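So the structure is just underneath, and the comments pick up after that.
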């Protein structure tokens, strides 16, 4: 249900996009990237998350390595637009998704497809299971591509929580915080539009 509502939300903004501000005038700025491991079986041998040191446009990176093959896993993922007053807006909430199917399925919802296609440029995350052990998997220097998204015209904070679950254990928990903001332009005539 949240997934459908999120898609409708994006389509509404795409339909409302009639003014001079286009998606080309917006950037996604990453402000935080953290992860931690809850790995009682010792499945994970390396985990590192963080932001680049670029002040102008930070990117995020995640590295991980497993000490045993990953045959099956599940993913929980939630994207929320926090609000100053009232309840936060949940853009989508995916719980208990089969990770192997998510990686290989070409019939995904558009929002997930766009994210996966963009991630492929910055990562070596496999598209099928099993994942071999002792291989460094990474997403390095990830930057968003606002041109790939449907047209929109809004600024908002955006929080992403994700979990990687294997054998019933939440092996990785992560959080990425970002902000979609209008590019600051310097126009000689002083007008905003």
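In mature numbering (1 follows the signal peptide of the UniProt record, and there is no 0), the protein residues as written are -22 to -1, 1 to 171. From the three backbone atoms N, C-alpha and C, an ideal C-beta is built for every residue, glycine too. This one's a predicted model, so the numbers in the text were calculated from it and none came from an experiment.
For residue 5, the secondary structure class from DSSP, reduced to helix, strand or coil, is strand. According to the DSSP assignment, residue 77 belongs to the alpha helix (DSSP H) that extends over 77 to 82.
For residue 51, no beta strand (DSSP E) segment is defined, and its DSSP state is neither H nor E. Partner residues in the beta bridge of residue 42, as assigned by DSSP, are 25, 115. CA-CA distance, residue 35 to residue 8, rounds to 8 Å.
Sixteen is the threshold: when 16 or more other Cβ atoms of the shown chains lie within 10 Å of the Cβ of residue 152, as they do, the residue is buried.
The continuous beta strand (DSSP E) containing residue 135 extends over residues 134 to 144. Taking the C-beta atoms as reference points, residue 16 is found no nearer than 8 Å to residue 111. In the three-state DSSP reduction, residue 99 falls in the coil class, being neither helix nor strand.
Judged by DSSP secondary structure, residue 152 falls within the beta strand (DSSP E) whose first and last residues are 147 to 160. Around residue 104, the same chain offers 81, 115 as residues with beta carbons nearer than 8 Å, after the five sequence neighbours per side are excluded.
Secondary structure at residue 35: coil, using DSSP grouped into helix, strand and coil. With contacts defined by Cβ atoms closer than 8 Å, residue 120 and residue 67 do not form a contacting pair.
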